[in-house]
Every structure is written in structure tokens, then in C-alpha cells.
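Just so you know, UniProt numbering puts 170 at position 170 of the sequence shown, and the rest follows in order with no gaps.
Even for Gly, the Cβ is constructed at its ideal location relative to N, Cα and C.
Just so we're clear, the structure is a prediction, and the values are computed from it rather than from any experiment.
Okay, structure first, notes after.
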Amino acid sequence: MNISNGKLFPAAGEPSNNQVDASNLSQQADCAADYLSSLPSELILEIVKYIPDPYSLHNLFLASHTAEAVFNTYPVEITENVLAAEPQEHLRKLMQNCLTLYTTPPESIQKYLTDGTLEVHKRFPLPESCTTAGNLRKLLSTAANIQLLVWIVLKHFVDQVYASNPVARSGHALSPHARFRMSQGKSFSWLEQQRVLRALWRLQFFFDLQIIAPHTGCCSSRLRSKTRYYLSTKVSRNLPLSQVWLCLLRKFLRSCPLRHCQGP
């Protein structure tokens, strides 16, 4: 057996019943997909509406061509259901604005940056081109990736805390050297997840603005100034635009103020 390949590919001379039949796996996948394909699209739509989590929806569409076809038929209705399930209005507007950036003409973005205040409390007007299945699927994919990053970031912080093993100061009431023990197995609180979720969506919005900036005619200093105000943080004026996001990410990893989770 070829161990380096995870025992999936047997060495020469081994029994054939140890081999992995790709066609059987394909048939099993097709059989699983048939459970949805036998249902009417209207019923599948109602089932999908009970899954407002972008991460779960994204994986469902990857696993089921039938569910993906239903999304392509009713993209606006399904996406609106996902947005409506988000309790934070601030996050809903962030997602809508990121969606608008995908298709808004550069001159419209320039006018927004020049005349408007770069804040997500004011929502972009949603053009018709934003409501295509491709653009809405891109938004759900982005939301799924951000949700995955939320768990990764929170786990990173928790692992750092568990690895710290703080010790009481000598002479303290808990001395001599009483070790503090944290309870294991607790899930992340809703507030912790919302705090990280909002910070990552702010960074995503900034990344999208950075990508379209060369096509808008807006100078880098203006965009950097606007995004600095929008992200409510201080960034060195001497940093090039390509490095601003690194500074923002470092500041986010050091501290996520509670005010970022409050309503707009």
C-alpha cells in the first residue's frame, strides 16, 4: 500500500478490492443528489429558505447541482432571505455595499468617494446588474469565507489564552503561585462572533475599494483618508495604499473594541 497517498492508491500486486472505485463514488454522489432532484423546485426553495447561514448555503450549492439550479432561478429571493436573517443592520448594509461594488461603474464610485462620506450607514443604490445570479453567488461565497475566518480568528485568540498559563504574583492572597485554570469546551459567544464578523466585513469592503481605486480616478491619498475615517482607526499617512490593509489587520488582531459591535 502506498502510505504517502493516504492508502487510497494500492501498490502493485495488492488485491483489487482495496482499490477506490471512482465511478462508485460518483454514483453515490449522484444518488445523494437525487433526493433533491425528485422534489419540485418550489419545495426546494422553501427548504433553502430555512438555511439562512451563508456558509451552509455555499456548501449546499457545491454539493447539490439541484439546489444550485434553484438558486440560479431564485437568486434574489434566497439572498434577501439571507440578509434578512442577519440581526445587525450595519452588517446587512456592509454586505449590500460590497455587492454593489462588484458592478457599479467606476464614475459612480468616484462620485461616491468625492461627494459622499465613506460610511456604510448610507447604502448604495442597488443597480439591476447586481441582482444577477453570478453576483449574488459571489456575495454568498464571500460571506461563507468570512464566516469561516471568524471561527479561525476566534480559535486563534482562544488558543493563545489557553497557552498562556498565567501565575499569581508572589505574596498575593492566592499564593504561593496558584495557577489559574480556564474552563475548556465553551463555544464562542454571539457578541464575540459579531465583533469579529463586523471587523472582517469592514476589511472586505476596504479590499474591494482598493481593487477598483485605479479605475475610478480617485487618488490614493483620498481613498486612504476616506477608508481611515470609515474604519475608525489611525493609519500612518506615509504608508502606501498597498500596505494600509496590513496595518489595519494588525490593529484588529491586537484589539477589537466593543463599540464595533454596537448598532449604527
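Quick check: the Cα distance between residue i and residue j, rounded to an integer number of angstroms?
i: alanine 85; j: isoleucine 109; result: 28 Å
i: leucine 45; j: isoleucine 211; result: 34 Å
i: valine 70; j: arginine 195; result: 33 Å
i: valine 82; j: lysine 49; result: 8 Å
i: aspartate 159; j: leucine 43; result: 43 Å
i: phenylalanine 206; j: arginine 92; result: 16 Å
i: isoleucine 51; j: glutamate 80; result: 12 Å
i: phenylalanine 188; j: asparagine 97; result: 27 Å
i: methionine 95; j: leucine 209; result: 13 Å
i: residue 331; j: valine 161; result: It is not possible to answer for residue 331, since the shown part of the chain is limited to 1 through 264.
i: arginine 202; j: glutamine 193; result: 14 Å
i: leucine 154; j: threonine 104; result: 33 Å
i: alanine 163; j: alanine 63; result: 37 Å
Quick one, which of the options has its alpha-carbon nearest residue i's?
i: threonine 66; options: His156, Pro40, Cys98, Thr103; result: Pro40
i: leucine 200; options: Asp159, Thr142, Phe188; result: Thr142
i: glutamine 204; options: Gln88, Tyr102, Glu68; result: Tyr102
i: glutamate 89; options: Asp208, Leu209, Leu197; result: Leu197
i: threonine 131; options: Asp208, Thr100, Ala163, Leu62; result: Thr100
i: leucine 191; options: Leu139, Pro87, Leu140; result: Pro87
Three-state secondary structure (DSSP) at residue i?
i: alanine 63; result: helix
i: asparagine 17; result: Confidence in asparagine 17 is poor, its pLDDT being 44 and thus under 50, which makes the residue's placement unreliable; the coordinate value appears in the next sentence. In the structure shown, asparagine 17 sits in a helix (DSSP, three-state: H, G or I).
i: leucine 39; result: coil
i: alanine 163; result: coil
i: phenylalanine 205; result: helix
i: threonine 142; result: helix
i: leucine 241; result: Only weak support exists for where leucine 241 lies, its pLDDT of 46 falling under 50; the coordinates are left without a value.
i: glycine 263; result: Interpretation of glycine 263 is limited by its pLDDT of 32, a score under 50 that renders its predicted location unreliable; the figure taken from the coordinates is listed afterwards. Correct three-state label for glycine 263: coil.
Quiz item: Any contact of the segment 142-160 with the segment 41-56, i.e. 3+ C-beta pairs under 8 Å?
Solution: yes
Quiz item: Using 8 Å as the Cβ pair cut-off and three pairs as the minimum, do the segment 73-83 and the segment 130-138 touch?
Solution: By the Cβ criterion, the segment 73-83 is in contact with the segment 130-138, since at least three pairs of Cβ atoms, one from each stretch, lie closer than 8 Å.
Quiz item: At what residue ranges does the segment 49-103 contain a whole run of the alpha helix (DSSP H), taking only runs of 4 or more?
Solution: 54-63, 65-73, 75-85, 89-101
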